[in-house]
Amino acid sequence: MSFDHLGLRAEILRAVTEKGYTEPTEIQRQAIPEILKGRDVLGGAQTGTGKTASFTLPILQTIFEMGRPTQPRPVRALVLTPTRELAAQVGESVQTYGKYLPLKTAVIFGGVKIGPQMHKLRKGVDILVATPGRLLDHMGQESVDLSQVNLLVLDEADRMLDMGFIRDIRKILAALPKQKQVLLFSATFAGEIKKLANELLKNPATIEVAKHNTASERVKQIAHPVDKQRKRELLSYLIGSNNWRQVLVFTRTKHGANRLADQLSKDGISTAAIHGGKSQGARTRALAEFKSNKVRVLVATDIAARGLDINQLPHVVNYELPNVPEDYVHRIGRTGRAGNEGEAMSLVSVDEQAYLVDIEKLIKRKIPSVVLDGYEPDPSIKPEKASNPKRRSKAQPGKKPSVRKSAPSGNTARGLPAGHKPPKRRQTVKGNRRAGQFSG
Ligand code: AMP
0 MSFDHLGLRA EILRAVTEKG YTEPTEIQRQ AIPEILKGRD VLGGAQTGTG KTASFTLPIL
60 QTIFEMGRPT QPRPVRALVL TPTRELAAQV GESVQTYGKY LPLKTAVIFG GVKIGPQMHK
120 LRKGVDILVA TPGRLLDHMG QESVDLSQVN LLVLDEADRM LDMGFIRDIR KILAALPKQK
180 QVLLFSATFA GEIKKLANEL LKNPATIEVA KHNTASERVK QIAHPVDKQR KRELLSYLIG
240 SNNWRQVLVF TRTKHGANRL ADQLSKDGIS TAAIHGGKSQ GARTRALAEF KSNKVRVLVA
300 TDIAARGLDI NQLPHVVNYE LPNVPEDYVH RIGRTGRAGN EGEAMSLVSV DEQAYLVDIE
360 KLIKRKIPSV VLDGYEPDPS IKPEKASNPK RRSKAQPGKK PSVRKSAPSG NTARGLPAGH
420 KPPKRRQTVK GNRRAGQFSG
């Protein structure tokens with residue numbers, strides 16, 4: 000099926016074709032006609048499914064077809080996203096797909112100066128993409144008028160709630176007209192999301208493209224048991240020996256991300272870190288360097304990585320498992336996107352076994368566990384002796400390992416620990432080790 004049958008205008012189809020898309024994805028095929036009809040939509044879709052275009056394309060059309068607004072233009076479509084990165088990416092999509100329509104877009108998020116945003120808003124904006132906190136700042140300063148919003152999108156609503164934005168969202172909702180079309184997208188449908196959806200959506204079209212809480216079937220997953228204090232060494236080895244050129248690595252904490260980025264850099268592997276403690280400029284720069292292959296490794300925390308859209312990302316490594324199992328699903332969703340094969344590897348120390356069990360329960364499958372020769376976990380380290388951070392609690396800075404083994408020191412430019420024997424896999428892992436091509 001092509002895009003021509005979805006009811007989209009020629010100006011939009013032209014932009015889509017120029018972007019190189021030939022066929023709509025499942026969520027686009029289902030959601031676009033419903034949104035164009037004016038229906039509310041409850042979208043169960045993770046990133047990687049093409050959900051951004053599934054709402055951006057029909058929003059552009061709907062707003063354009065409303066006709067010329069009064070001057071200055073009031074905001075008529077509002078998209079709320081949990082993170083700055085996601086807001087920037089949605090804003091980019093609106094620009095890309097709307098390039099042949101005379102509509103104005105603004106993206107507003109925190110961490111950057113508010114003045115230029117106010118200036119832009121005052122000049123008039125048709126489609127506004129915003130993170131909740133900064134939008135509230137603008138509302139407080141009366142630099143934005145939301146009284147004419149006809150269309151509201153809550154993107155990654157589950158994550159907005161996880162991040163504690165519910166009160167902000169409610170304040171924003173209170174400033175919007177009662178009569179409006181609402182689109183709510185969420186990867187999961189936990190209790191609070193259901194409640195919000197029931198309150199907000201009227202007779203919605205429910206569209207689900209991936210089963211709730213199911214890890215992407217496309218992504219090959221593997222766990223390597225290893226002692227905590229040898230993880231860095233193993234990671235350097237894996238990157239170097241497999242000659243990975245682009246790998247996204249997750250840590251639980253900002254501090255852990257910085258430390259790992261420093262260590263990998265010392266191993267001769269160009270690495271950047273991205274997390275909420277970095278300025279917006281530093282985050283944008285790190286992402287740009289990673290995308291353009293200037294750095295091989297991007298170390299990220301869960302929140303910073305949410306919504307990152309990196310084409311052809313072949314490898315994701317969980318340096319530490321997340322204590323919230325749903326975060327694992329989000330993390331591995333960074334690879335194997337839009338039909339490509341990807342690989343997600345988890346380095347699991349004994350104190351993280353319980354997290355692994357929770358993750359396997361959530362994704363309803365066993366993750367194959369492979370001990371690498373030379374990196375066998377020390378059997379004298381028992382879970383109860385090791386640090387055992389609480390599950391499902393806020394991330395805590397990594398604790399010192401309870402047992403220290405001397406690891407080889409000194410590294411080569413390839414990132415291999417000097418004097419270290421290459422590990423062999425105990426168990427053969429079948430499958431393509433490279434990701435396929437990705438269009439878009
Ligand atoms: P999203 O789920 O919105 O984050 O999109 C995931 C990726 O798929 C992005 O890189 C998009 O540019 C890409 N994409 C979106 N729609 C299509 C399409 N119809 N064909 C190919 N790629 C697409």
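Each step along the sequence shown adds one to the number in numbering that gives the first Met the number 0, with nothing skipped, and position 297 is 296. Glycine residues also receive a C-beta, built at the ideal position from the N, C-alpha and C atoms.
Burial state of residue i (16 or more Cβ within 10 Å)
{"i": "R244", "result": "exposed"}
{"i": "F54", "result": "buried"}
{"i": "G19", "result": "exposed"}
{"i": "S235", "result": "buried"}
{"i": "G190", "result": "exposed"}
{"i": "M0", "result": "exposed"}
{"i": "H449", "result": "With the chain covering 0 to 439 only, the question about residue 449 has no answer from this structure."}
{"i": "D377", "result": "exposed"}
{"i": "N241", "result": "exposed"}
{"i": "R403", "result": "Note that R403 scores a pLDDT of 30, beneath 50, so its modelled location is shaky; the value from the coordinates is reported in the next line. The residue in question, R403, is exposed, as its Cβ has fewer than 16 Cβ neighbours within 10 Å."}
{"i": "T187", "result": "buried"}
{"i": "E198", "result": "exposed"}
{"i": "G49", "result": "buried"}
{"i": "A385", "result": "Annotation note: pLDDT 44 at A385 (below 50); position unreliable, coordinate value reported separately. That one is buried."}
{"i": "D326", "result": "buried"}
{"i": "Q29", "result": "buried"}
{"i": "S291", "result": "exposed"}
{"i": "Q116", "result": "buried"}
{"i": "A173", "result": "exposed"}
{"i": "V316", "result": "buried"}
{"i": "K398", "result": "The predicted position of K398 is uncertain, since its pLDDT is 36 and thus under 50; no value can be drawn from it."}
{"i": "V356", "result": "exposed"}
{"i": "T16", "result": "exposed"}
{"i": "A256", "result": "buried"}
{"i": "G163", "result": "exposed"}
{"i": "Q60", "result": "buried"}
{"i": "H379", "result": "It should be noted that the sequence gives Ser, not His, for residue 379. Looking at its Cβ environment, which holds fewer than 16 other Cβ atoms inside 10 Å, S379 is exposed."}
{"i": "K227", "result": "buried"}
{"i": "E22", "result": "exposed"}
{"i": "P324", "result": "buried"}
{"i": "I11", "result": "buried"}
Cβ-heavy atom distance, residue i to ligand 1, below 6 angstroms
{"i": "P176", "result": "no"}
{"i": "A52", "result": "yes"}
{"i": "Y96", "result": "no"}
{"i": "T80", "result": "no"}
{"i": "T283", "result": "no"}
{"i": "P23", "result": "yes"}
{"i": "T130", "result": "no"}
{"i": "T16", "result": "no"}
{"i": "T205", "result": "no"}
{"i": "G47", "result": "yes"}
{"i": "Y374", "result": "no"}
{"i": "Y327", "result": "no"}
{"i": "Y354", "result": "no"}
{"i": "Y318", "result": "no"}
{"i": "Y236", "result": "no"}
{"i": "Y20", "result": "yes"}
Whether residue i touches residue j by CB criterion (7 angstroms)
{"i": "I31", "j": "L5", "result": "yes"}
{"i": "G42", "j": "I206", "result": "yes"}
{"i": "G332", "j": "Q147", "result": "no"}
{"i": "R75", "j": "D125", "result": "yes"}
{"i": "V106", "j": "G90", "result": "yes"}
{"i": "L320", "j": "K230", "result": "no"}
{"i": "V128", "j": "V78", "result": "yes"}
{"i": "Y374", "j": "V208", "result": "no"}
{"i": "Y354", "j": "T250", "result": "no"}
{"i": "Y443", "j": "L150", "result": "Because residue 443 is not part of the residues shown, which for the chain are 0 to 439, the question remains open."}
{"i": "Y443", "j": "R38", "result": "This structure leaves residue 443 out entirely; the chain is present only between 0 and 439."}
{"i": "V296", "j": "E288", "result": "no"}
{"i": "T252", "j": "L263", "result": "no"}
{"i": "L195", "j": "L175", "result": "no"}
{"i": "M344", "j": "I221", "result": "yes"}
{"i": "T80", "j": "V93", "result": "no"}
{"i": "A272", "j": "V298", "result": "yes"}
8 angstroms contact criterion, which residue i and residue j should meet: CB distance rounded
{"i": "V218", "j": "T334", "result": "6 angstroms"}
{"i": "V248", "j": "L259", "result": "7 angstroms"}
{"i": "S185", "j": "A204", "result": "In fact, because the Cβ distance is near 15 angstroms, the residues do not count as touching under 8 angstroms."}
{"i": "K122", "j": "P71", "result": "6 angstroms"}
{"i": "G275", "j": "P313", "result": "Going by Cβ atoms, the distance from G275 to P313 rounds to 26 angstroms, so no, they are not a contact pair."}
{"i": "G132", "j": "G109", "result": "5 angstroms"}
{"i": "L153", "j": "L183", "result": "5 angstroms"}
Residue-level contact to chain D via CB, residue i, 7 angstroms cutoff
{"i": "G373", "result": "Checking the listed chains, one finds no chain D in this structure; it contains a single protein chain."}
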